[in-house]
Amino acid sequence: MDDVIVDFQSGLDKVDDATKQDYEGHLDDIPGLFGLMKPMPGAIEALHRIAEHYDCYILSTAPWDNPSAWADKVRWVTTHLDDLFYKRLIISHHKELLDGDYLVDDRPKNGANEFRGKWIQFGSPEFPDWAAVENYLCQPHRPNVTMQQ
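The sequence shown begins at 36 in the working numbering and counts up by one.
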């Protein structure tokens, strides 16, 4: 989710400086942070269009030492994408264990680079934004297959 579907910085921008200083070096442990984030530009619309072609799930990692992050991510999905992803959020630190044809993720961490399907590296030169991801996945010749994010 972070920096793929949700804009991590937009959440940090809503946190006071004293809290940021208290959590320096592990900002993702700030309680409530993940509930403050805005969608990445084009993410919501692209996900709706991609879901017309694929069986989609959200696959995300949440900081182990920030239990509110887990709940915040569920709340964020129900607020912004509940029509598409109702009970389709998987939180795991081992993305390589999931089975699917595509994984859209920005970093190789938590098993993304070991995913057995195609890893689409969001933010890379080939896939800099959701328009590029959507264009790649929704090409007319690409068969309908399952996709995880």
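Note that the Cβ used here is the ideal one computed from N, Cα and C, for glycine as well. Remember, predicted model here, so these are calculated numbers, not experimental data.
- By the CB criterion at 8 Å, ASP63 and PRO102 fall outside the cutoff.
- Taking 8 Å as the upper bound for CB-CB distance, LEU82 and SER127 are not in contact here, some 19 Å apart.
- A direct Cα-to-Cα measurement between HIS129 and ILE155 gives close to 17 Å.
- Secondary structure note for TYR171: its alpha helix (DSSP H) is the uninterrupted segment 165-172.
- Sixteen is the threshold: since fewer than 16 other Cβ atoms of the shown chains lie within 10 Å of the Cβ of TYR121, the residue is exposed.
- About 19 Å separates the CB atoms of MET36 and LYS153; that is not less than 8 Å, and the two are not in contact.
- Per DSSP, the continuous alpha helix (DSSP H) segment holding ASP118 begins and ends at 117-120.
- ALA53 counts as exposed, since fewer than 16 other beta carbons sit within 10 angstroms of its beta carbon.
- Taking the CA atoms as reference points, HIS88 sits about 30 Å from GLN44.
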